[in-house]
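Q:
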Amino acid sequence: MANNHPLAVYCSSCGAPANYDIVKQQYLCQYCGGVTGVKEPLVQLQHWRDARRKNVLRDEKAAEEVHSCLNCAAQVIIPKGEAMGKCDFCGGKFSRRAFVKSDELPELIIPFVLTVDEARERLLKWAHDNSSKKEAQAVLAGAEQLQGYYLPYELIRGPVTASVERLETFSDRKYHMGGFLNGIAVSTSKQLDNLVLDAMEPFEWTAARPFEFSFVAGHKVKLSDVEAYVLEQRVLDEVADSFRPEAEKVLQTTGISLSMQAGNLLRLPALLPVYTLSIGPVLAVVNGQTGRVAVSKIKLTHNVSWLLEPTLLTLLVGGVFAIWDVAVALSMALVFGIIFFAAFSDGRGDEWRRKIFKTDSARLERFQAKLTVDQGKEPIVDTTVKSMFMEPINGQLEPVTVSFYTPRRILMTLLGVLIFNGLPAIVAFMLDWEGIAEYKYNAVWMTLTVPITIILWVAVGRIRVYNFPIFKRMMPDGSTQPVKVDGEPTLSLGELFHTLKEIKDAGGGGIMFAIIGFILFMFLGTLGAILMPD
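Numbering (our numbering), first residue to last: 1002 to 1535.
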């Protein structure tokens, strides 16, 4: 890596490259062990900008004309002598204007590695491999229209934090996450689908060079056209999307809310090499550096995986009552099914998502005009976001692992279920001095307790449990140790009583006493039937 690369961070003591430590929230030198604060890279970046400021005027004079689309407002610089018939983004007509200082040329550029023919070859290969898809048919029909552009981006590197919570009525626990953006690229173009552009990443930002017009000779250049406030929100949204997979995996739901906080970020406007093809609702792009292909799917997909658990619970209730009567089983399955589906749909919101088809990235190199995959290096791995959960321990945020079901918690739950469902039989066993008990009559008690057990399992074991996570501190050697974070409550029988209290508050004290009376009546009746079978 060049020593003057603006996105790289160097040790303030010895000048060697420094890597960000999420745990310590500082940059640490791998050579001398020195510490560099999160604000010092911003000073280094400003020095880099000051050093190249003398080239800015020369670059501005190199751009003579800007073509502006009258329909979508795209602004494009084209090579001298090339005619611009229609807009490649919407098909609209262009007007011409002079380049002005406010257009602000980028500070970095990643040069094209692929030619348009090589990019088209990769796009057609994807289309032939997926020929049964409508999107592939559209690509095959319009592949000759593929165009190469230097598109406007911002390259971002630095630490970010987030607060996360499950979107459920009974979930009020907020979690903390910390992460590091290792060169994430955010599009600053209005006309192209940001999800598709994201899918063709990553770019290898270490190949970025200070911008000069010599790099864009023979290529079209699209200027940035998003407002500052839109760009700020787009950055936060893209970072949130990068955090989302880890948060959804740990919190075991797709219904989450992420609130991002970003500060002390290295941000540089850049031009990145992209080949684009727009055919009706289909947008296909090829990464001009790595060759990764991304194609938008015409139809949205709906995530319905959450339906599995309430469906199984409904079938379980129906199966229990089917032992006695099919009509009763169907009625109970209907009643409990409504409860289960209402409970598990809470906080799900709109889970329609756009799927993007994409290929793998590769590290491409050109030698004597021949393009090859560099076998001496690993393919580019997307390392733009490294994130972890962090919680306050003794007043300081520490990295932790988060879980909700441990062997001990599961064992205690199973033990409680067995005791609750077999309580009359257990009491009868202790009182059966003459050995005349008939334990089969415990089934009467279970007609009541099995549905109650399932309801409590849903209310406590599948909903409230997420308010009581189990944390383990991540140690420097990679091991973990159980830890109690500041102010964290523990899951106990109190949650059962809290659930009963909510039933009481919803229906009044009368219904609660009626329920308790009925349960007591069933218990004593079942106990009597077991001890006095005749």
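Just so you know, even glycine gets a beta-carbon here, dropped at the ideal spot from N, CA and C.
Figure out for me which residue from Trp1446, Leu1267, Val1165 has the closest Cα to the Cα of Val1010.
A: The residue given as residue 1010 occupies position 9 in the sequence shown. Ranking Trp1446, Leu1267, Val1165 by Cα distance to Val1010 puts Leu1267 first.
Q: Extract the residue ranges of the beta strand (DSSP E) inside the segment 1180 to 1247, only unbroken runs of 3 or more that lie entirely within it.
A: If we require 3 residues or more, the beta strand (DSSP E) runs fully inside the segment 1180 to 1247 come out as 1221 to 1223.
Q: Considering only the beta carbon of each residue, do Thr1527 and Tyr1442 sit closer than 8 Å?
A: Locating residue 1527 in the sequence shown gives position 526, counting from the first residue. Locating residue 1442 in the sequence shown gives position 441, counting from the first residue. Result yes, Cβ atoms of Thr1527 and Tyr1442 sit closer than 8 Å.
Q: Looking at C-alpha atoms only, which residue of Gln1253, Leu1424, Leu1237 is the closest neighbour of Ile1520?
A: On the sequence shown, residue 1520 is found 519 positions in, with the first residue counted as 1. Residue Leu1424 is the option with its Cα nearest to Ile1520.
Q: Let me check understanding here. Comparing Cα to Cα, which of Ile1299, Gly1319, Gly1292, Arg1293 lies closest to Pro1282?
A: Stepping through the sequence shown from its first residue, residue 1282 is reached at position 281. The shortest Cα separation from Pro1282 among Ile1299, Gly1319, Gly1292, Arg1293 belongs to Ile1299.
Q: Taking the alpha-carbon of Lys1250 as reference, which of Phe1390, His1220, Gln1192 has the nearest alpha-carbon?
A: Residue 1250 sits at position 249 when you count from the first residue of the sequence shown. The option with the nearest alpha carbon to Lys1250 is Phe1390.
Q: Roughly how many angstroms lie between the CA atoms of Ser1404 and Asp1118, to the nearest whole one?
A: Walking along the sequence shown from the start, residue 1404 turns up at place 403. Walking along the sequence shown from the start, residue 1118 turns up at place 117. Rounded to the nearest angstrom, the two C-alpha atoms are 50 Å apart.
Q: What residues are listed by DSSP as bridge partners for Phe1342?
A: For this step, residue 1342 is matched to residue 341 along the sequence shown. DSSP output for Phe1342 lists no bridge partner at all.
Q: So, helix, strand or coil for Ala1444, using DSSP?
A: As a first step, residue 1444 is located in the sequence shown; it is residue number 443 there, counting from the start. Three-state result, Ala1444: helix.
Q: Comparing C-alpha positions only, which one of Ala1209, Ile1078, Lys1094 sits nearest to Gly1219?
A: Residue 1219 sits at position 218 when you count from the first residue of the sequence shown. For the residues Ala1209, Ile1078, Lys1094, the minimum Cα distance to Gly1219 belongs to Ile1078.
Q: How would you call Pro1408, buried or exposed, if buried means at least 16 neighbouring beta carbons within 10 angstroms?
A: Taking the first residue of the sequence shown as position 1, residue 1408 is located at position 407. Classification of Pro1408: exposed, given that the 10 Å Cβ count is below 16.
Q: Which residues bound the beta strand (DSSP E) around Met1475?
A: Looking up residue 1475 in the sequence shown gives position 474. Segment 1471 to 1475, the beta strand (DSSP E) holding Met1475.
Q: Which residues in the same chain as Ser1103 place their Cβ atom closer than 8 Å to its Cβ, once the five residues preceding and following it in sequence are excluded?
A: Here residue 1103 refers to the residue found at position 102 of the sequence shown. Note that Ser1103 scores a pLDDT of 47, beneath 50, so its modelled location is shaky; the value from the coordinates is reported in the next line. Around Ser1103: no qualifying Cβ.
Q: Report back the beta-carbon spacing between Pro1274 and Pro1153 to the nearest angstrom; my notes put them in contact at under 8 Å.
A: Sequence index remark: in the sequence shown, residue 1274 carries index 273 (1-based). Sequence index remark: in the sequence shown, residue 1153 carries index 152 (1-based). No, Pro1274 and Pro1153 are not in contact; Cβ-Cβ is about 12 Å, not under 8 Å.
Q: Below 8 Å on the Cβ atoms is my guess for Ile1185 versus Ser1243; work out the distance and round it to an integer in Å.
A: Residue numbering aside, residue 1185 sits at position 184 when the sequence shown is read from its first letter. Residue numbering aside, residue 1243 sits at position 242 when the sequence shown is read from its first letter. The pair is a contact, with the Cβ atoms about 7 Å apart (cut-off 8 Å).
Q: Within a Cβ cutoff of 7 Å, which residues of the same chain sit near Ala960, ignoring the five residues on either side of it in sequence?
A: Nothing can be reported for residue 960: it is not among the residues displayed for the chain, which extend from 1002 to 1535.
Q: Please list the terminal residues of the continuous beta strand (DSSP E) segment that includes Asn1072.
A: Start at 1 with the first residue of the sequence shown, and residue 1072 comes out as number 71. Unbroken run through Asn1072: none, as it is neither H nor E.
Q: Starting from Arg1465, trace the alpha helix (DSSP H) in both directions and tell me its first and last residue.
A: What you label residue 1465 is simply residue 464 of the sequence shown in a count that begins at 1. Arg1465 -> no alpha helix (DSSP H), and no H or E assigned at all.
Q: Compare the beta carbon distance of Thr1207 and Glu1155 with 8 Å and say whether it is the shorter of the two.
A: Residue mapping note: residue 1207 aligns to position 206 of the sequence shown, counting from 1. Residue mapping note: residue 1155 aligns to position 154 of the sequence shown, counting from 1. The answer is no: Cβ separation not under 8 Å.
Q: For a test of the three-state rule: what should DSSP assign to Thr1481, helix, strand or coil?
A: Numbered from its first residue, the sequence shown carries residue 1481 at position 480. In the structure shown, Thr1481 sits in a strand (DSSP, three-state: E or B).
Q: Let's see if you can read the secondary structure: which residues bound the beta strand (DSSP E) around Met1536?
A: Outside the shown range of the chain, which is 1002 to 1535, sits residue 1536, and nothing can be said about it.
Q: Nearest-angstrom Cα distance between Phe1144 and Leu1124?
A: By 1-based counting over the sequence shown, the position of residue 1144 is 143. By 1-based counting over the sequence shown, the position of residue 1124 is 123. Looking at the sequence provided, one finds Ala at residue 1144 rather than Phe. Straight-line Cα distance between these residues: approximately 8 Å.
Q: I need the straight-line Cα distance from Ile1108 to Trp1127, nearest angstrom please.
A: In the sequence shown, counting from the first residue as 1, residue 1108 sits at position 107. In the sequence shown, counting from the first residue as 1, residue 1127 sits at position 126. Contrary to the premise, residue 1108 reads as Glu rather than Ile in this sequence. If you take the alpha carbons of Glu1108 and Trp1127, they lie about 33 Å apart.
Q: Thinking C-alpha only, which one of Trp1307, Lys1191, Glu1247 is nearest Ala1344?
A: In the sequence shown, residue 1344 corresponds to position 343, counting from 1. Nearest C-alpha to Ala1344: Trp1307.
Q: Bridge partners of Thr1162, per DSSP?
A: Mapped onto the sequence shown, residue 1162 falls at position 161. Answer by DSSP bridge pairing, in chain order: Gly1179, Gln1262.
Q: Suppose contacts are defined by Cβ-Cβ distances below 8 Å. Is Asp1089 in contact with Gln1148 by that definition?
A: Here residue 1089 corresponds to residue number 88 of the sequence shown, with the count starting at 1. Here residue 1148 corresponds to residue number 147 of the sequence shown, with the count starting at 1. Closer than 8 Å, so yes.
Q: Assuming Ala1120 is part of the alpha helix (DSSP H), what are its boundary residues?
A: Your numbering for residue 1120 matches position 119 in the sequence shown. Where Ala1120 is concerned, the enclosing alpha helix (DSSP H) stretches over 1117 to 1130.
Q: Nearest-angstrom Cα distance between Ala1229 and Val1294?
A: For the purposes of this step, residue 1229 is identified with residue 228 of the sequence shown, where counting begins at 1. For the purposes of this step, residue 1294 is identified with residue 293 of the sequence shown, where counting begins at 1. Their backbone Cα atoms lie some 29 Å apart in a straight line.
Q: Does the segment 1477 to 1487 come within contact of the segment 1410 to 1422, defined as at least 3 CB pairs closer than 8 Å?
A: Result no; under three Cβ-Cβ pairs closer than 8 Å.
Q: State the Cα-Cα distance for the pair Arg1261 and Gly1180, rounded to the nearest angstrom.
A: Residue numbering aside, residue 1261 sits at position 260 when the sequence shown is read from its first letter. Residue numbering aside, residue 1180 sits at position 179 when the sequence shown is read from its first letter. According to the sequence displayed, residue 1261 carries Met and not Arg. About 11 Å.
Q: Give me the residue from Met1475, Glu1233, Tyr1150, Thr1277 with the minimum Cα distance to Ala1263.
A: Along the sequence shown, read from residue 1 onward, the residue named residue 1263 stands at position 262. Minimum Cα distance to Ala1263 is reached at Glu1233.
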